[in-house]
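Structure first, commentary second.
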Amino acid sequence: MTIQEIREYLLRFSDSVELIGSGDGEISGPAKIEDATLGQVSFIANEKYIRFLATTEASLVIVHRSVSVDEYAGKRSFLKVSDPYTAFVFLLKIFAPPRVITAPGIAATAVIGNGTSIAEGVSVGEFAVIGDNCTIGRNTVIGSHTVLLNNVSLGEEVLLFPRVTIYDGIVLHNRVVVHSGSVIGADGFGFAPQSNGSYVKIPQMGVVEIGDDVEIGANSTIDRATMGSTVIGRGVKIDNLVQIAHNCTIGDDTVIAAQAGISGSVVVGRQCLIGGQAGFAGHLELADRIQVAAKTGISKSFLQPGTVLRGTPAQPMRDQLKLEAMMRNLGAMKEKLDLLEADLKERKARE
Amino acid sequence: MTIQEIREYLLRFSDSVELIGSGDGEISGPAKIEDATLGQVSFIANEKYIRFLATTEASLVIVHRSVSVDEYAGKRSFLKVSDPYTAFVFLLKIFAPPRVITAPGIAATAVIGNGTSIAEGVSVGEFAVIGDNCTIGRNTVIGSHTVLLNNVSLGEEVLLFPRVTIYDGIVLHNRVVVHSGSVIGADGFGFAPQSNGSYVKIPQMGVVEIGDDVEIGANSTIDRATMGSTVIGRGVKIDNLVQIAHNCTIGDDTVIAAQAGISGSVVVGRQCLIGGQAGFAGHLELADRIQVAAKTGISKSFLQPGTVLRGTPAQPMRDQLKLEAMMRNLGAMKEKLDLLEADLKERKARE
Amino acid sequence: MTIQEIREYLLRFSDSVELIGSGDGEISGPAKIEDATLGQVSFIANEKYIRFLATTEASLVIVHRSVSVDEYAGKRSFLKVSDPYTAFVFLLKIFAPPRVITAPGIAATAVIGNGTSIAEGVSVGEFAVIGDNCTIGRNTVIGSHTVLLNNVSLGEEVLLFPRVTIYDGIVLHNRVVVHSGSVIGADGFGFAPQSNGSYVKIPQMGVVEIGDDVEIGANSTIDRATMGSTVIGRGVKIDNLVQIAHNCTIGDDTVIAAQAGISGSVVVGRQCLIGGQAGFAGHLELADRIQVAAKTGISKSFLQPGTVLRGTPAQPMRDQLKLEAMMRNLGAMKEKLDLLEADLKERKARE
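Heads up: the protein sequence lines correspond to chains A, B and C, in order.
In terms of our numbering, the first sequence opens at residue 5 and continues consecutively.
In terms of our numbering, the second sequence opens at residue 5 and continues consecutively.
In terms of our numbering, the third sequence opens at residue 5 and continues consecutively.
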């Protein structure tokens, strides 16, 4: 791909793409700025990488329009854009080799239940098992060893990697991606305590509904509702080993990092950012655009949109940082207190 | 099902079930109180839902015997019981449609090893692999893609969802349920450090033994013992993504919430409640009926039955709440300290 | 095996192995000191088990050379070594029955892609799926239901338990062990935020490279790099349910306990010990031989080799223990402060 072609491609996503340098040459692929060699394209989106401008061997570097590159323009070419990171991501999409999850078409070893309808363009991998009365939308890819129980509905262009389980009755809308090992729709963790100390299982009769463009990482679990639905909103991104319990509702475009756990019946707003290993008590609510730091333990609702939370129990970031500063200051407090005490003691002795 | 039939059914589990209202009408199924429509049954077990008494469209509501419902008895029927939550759970069991994990019988694609005995009524799903010399009890269901290595013993009416792994020699007693993705009996994490900084693997020669009526969620891991057994007591309930290390013993009817992790050789008593993301150091012991709050980090034994634990490092709830209150009060303490200091300074200046 | 044979075997690993007692008799297998019976061998490596010297029924006990056992030498035999724990581990290796993960050879039901080369001595289990252009080294064992996408490279004597997923392009060197349910090479969690609140997926074009003698537990996840490689060094041991994000580098012989989570682009040194449920923010670095206590939350780099870390946010153990002591002392501080305040008040009143 020529540098000119890259410039034209990026103009589709960015209002201005300014070329600095000759613009000559072919680009064979992308690389990190510190690793790039002749013929590769890289980017700088973070101040601390600007030092590589002098030393990189990349033939093309995408930079922010505010970065001064003129002194290097004799050696390589630059494209100045308003968001170099996103521009580079779109470039990656071009250079990414097509990914083969399973061969096209339906593998001879796949088992498909009665009453299941499969639209055109669908691929089903080796040993995949699809239950009865499922609906599989156009161009959806089901990896090998993935299991769908009965009455599952998959939208169009869904991508299930190998070894995913979708329980009975679960609904995935269009372009949902689920990585290997994740389990969607296992029973919610509901047991009624009995007077003798044992438990009676509460039948988990609800389902899970997952919106368009959701991506779910590896080995995560999203439980079905006791009644009604566990709802994952459009565009939500879920990392690996995340637990989402029965009857949760996760708002559109919320991002949940690895090993976070959300207890039953929690409502999370839209465009929230949940850090890794964060945990939520049950039956609480977060407003839109709330940010939860990694490892935070949330024990009550926070209804002010955009709040940043940290600590266990969680509180707004400013309060928590103040608390942490106060804790770091405890030694000094103790010293001051001991001095005052000694002072008073001495005073008393003098009296 | 008529309301009268429901009343008679509930009398099997409750000493008194009082009908308020006409008791006429057919009930088609259960629903949450805020979602219920004509012909449905719901329940109220929590004070904060009592406001829905006025607005719900449910035809039948199960309530606690202390709740006053007379003013609504013209519009719908009520059943008063001593434990509306449990009553409703038993009702759910009636309305739950029969669940099909796999077709009855042994799938033609399943692979069954030499010397394995399979009792009557067993179902084995597509591509399931059962090793040599296993014993499968009556009416047990093994989902598709589930793998049993050699010498596994399953009791009666065990239910293994699809994509479960049971390692060699593991014993599951009657009515154990294991959800998709869980791994029972992988090697304990034992490595002997060598003087050059590397490790020699310690062979993990023990097994796991799981008692009657245990339920294990999705993607959890229970490791085999180094020698002897990792023991999960009768009636234990384990949520998703839980880690139980080698040589642990979990007492009967203990409940362990999602993402909790229990290190090697821990002994947990009976009827304990372990919160989500709680963590245990190794080789410690908890007495019976201990409650561990979510995210607690337990670093030593607690031998007083019924203790409630919280914090990292964990301490009894009362001490931890006092500590947390003290921490919230740090700002006020600092202010007071500064005032005293200023006061003394001024005093000195005056002297 | 006779006691004399055991002594000779142990001399291969230890410079001196002193026999106390008759040395007569056959040893049938190993057992824990408190469970051992006649004909079994056990060991004592920890002071608190020395009390079992008097009561154990073991015929042979491995002890440290400093332990005095002469008074029991009439009843049983002892072997004195410098490291009884490691000596016992090597003994376990002898007594461990050979483990059968899958039958020798390539199962008829396995599916193997085009251009894949399989060296001699390889076993492939039932329904395993191996993609195109893979390379499988000598004597490697691939469990049933394990899936390799295209272009995977496995070294010699690799052991993949059943139900493992290895994504496209991943490289495992010699003698790597991966337990059931783990997923190696799923996409890194990278999404570029857009101005409308949604995200564009960043193609994850890199791979994972796993060094010789690495062991990975059950249901862990190691993500592929965005570009370049996620690198797991030689001899690293990873427990169950661990998350290692894209572009991490883990140094040789580092040990990572269950449910720990390491965010993107973290560099961990060699011979580190990472406790269970520890969490790392992204883009930070740990020096060699750093020890991280369980549940620690690491938010910045620590570059001093051998530092012991604890707390959230993490700090060197000594500082954290001082902080925790100070917190336990808060009640006393408050009391002292209140006394001083009362004293001054009274003083004022007197003036």
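All residues carry an ideal CB built from backbone N, CA and C; glycine is no exception.
Go to residue i, then tell me how far its beta strand (DSSP E) extends in each direction, as first and last residue.
i	result
residue 316 of chain B	Unbroken run through residue 316 of chain B: none, as it is neither H nor E.
residue 64 of chain C	64-68
residue 390 of chain C	Any answer about residue 390 of chain C is impossible in this case: the structure gives chain C only from 5 up to 355.
residue 48 of chain B	It is not in any beta strand (DSSP E) - residue 48 of chain B carries neither H nor E in the DSSP assignment.
residue 3 of chain C	Examination of residue 3 of chain C is not possible in this model, given that chain C is present from 5 through 355 alone.
residue 85 of chain C	81-85
residue 196 of chain C	195-197
State the DSSP-derived secondary structure class of residue i, mapped to helix, strand or coil.
i	result
residue 42 of chain C	coil
residue 23 of chain A	strand
residue 153 of chain A	coil
residue 171 of chain C	coil
residue 61 of chain A	coil
residue 140 of chain B	strand
residue 134 of chain C	strand
residue 146 of chain A	strand
State the start and end residues of the unbroken alpha helix (DSSP H) segment that holds residue i.
i	result
residue 346 of chain B	334-354
residue 14 of chain C	7-14
Checking contacts by CB at 9 angstroms: is residue i closer than that to chain B?
i	result
residue 89 of chain C	yes
residue 94 of chain C	yes
residue 306 of chain A	no
residue 321 of chain A	no
residue 326 of chain C	no
residue 146 of chain A	no
residue 112 of chain A	no
residue 183 of chain C	yes
residue 104 of chain C	yes
residue 335 of chain C	yes
For residue i, would you say it is in contact with chain C, using Cβ-to-Cβ distances shorter than 9 angstroms as the test?
i	result
residue 191 of chain B	yes
residue 34 of chain B	no
residue 14 of chain A	no
residue 99 of chain A	yes
residue 23 of chain B	no
At the 9 angstroms Cβ level, is residue i part of the contact set with chain A, yes or no?
i	result
residue 318 of chain B	no
residue 331 of chain B	yes
residue 203 of chain C	yes
residue 108 of chain C	no
residue 207 of chain C	yes
residue 19 of chain B	no
For a contact defined as C-beta to C-beta under 8 angstroms, what are the partners of residue i on chain F?
i	result
residue 313 of chain B	The question asks about chain F, but that chain is absent: this structure's protein chains are A, B and C.
3 or more residues per run - each beta strand (DSSP E) lying fully within the region 206-272 of chain A
List check, beta strand (DSSP E) in window: 211-214, 233-236.
Could you run through the region 258-289 of chain B and flag, in chain order, every residue whose CB is less than 8 angstroms away from some CB of chain A?
Taken in chain order, the members of the region 258-289 of chain B whose beta-carbon sits within less than 8 angstroms of a beta-carbon on chain A are 259, 261, 262, 263, 274, 275, 280, 281.
Which parts of the region 87-126 of chain C are runs of the alpha helix (DSSP H), unbroken and 4 residues or longer, counting only runs that do not cross its ends?
88-99, all fully within the region 87-126 of chain C.
Between the region 38-59 of chain C and chain B, which residues of the former have CB atoms less than 8 angstroms from a CB of the latter, in chain order?
Cβ contacts with chain B: 39.
Run through the region 274-333 of chain B for me and flag every whole beta strand (DSSP E) of 3 or more residues, listed as ranges in chain order.
Counting whole runs of 3 or more residues, the region 274-333 of chain B contains the beta strand (DSSP E) stretches 312-314.
Using Cβ-Cβ distances below 8 angstroms, what residues of the region 219-253 of chain C are close to chain B?
Of all residues in the region 219-253 of chain C, 219, 221, 222, 223, 239, 241, 243, 244, 245 have a Cβ within less than 8 angstroms of some Cβ in chain B.
What are the residues of the region 119-139 of chain A that lie near chain C, defined by any Cβ-Cβ distance shorter than 7 angstroms?
Those residues of the region 119-139 of chain A that come within reach of chain C (Cβ to Cβ, closer than 7 angstroms) are 130, 131.
The region 150-181 of chain B: positions lying closer than 9 angstroms to chain A by Cβ
For the region 150-181 of chain B, which is checked against every Cβ of chain A, the residues closer than 9 angstroms are 165, 166, 167, 181.
Closer than 8 angstroms between beta carbons: that is the criterion. Which residues of the region 337-352 of chain C meet it against chain A?
From the region 337-352 of chain C, only 337, 340, 341, 344, 347, 348 have a Cβ closer than 8 angstroms to chain A.
Chain B contacts from the region 61-89 of chain C (Cβ-Cβ distance under 9 angstroms)
Result list: 87, 89.
Residues of the region 292-303 of chain A with Cβ closer than 8 angstroms to any Cβ of chain C, in chain order
So the close ones are 298, 299.
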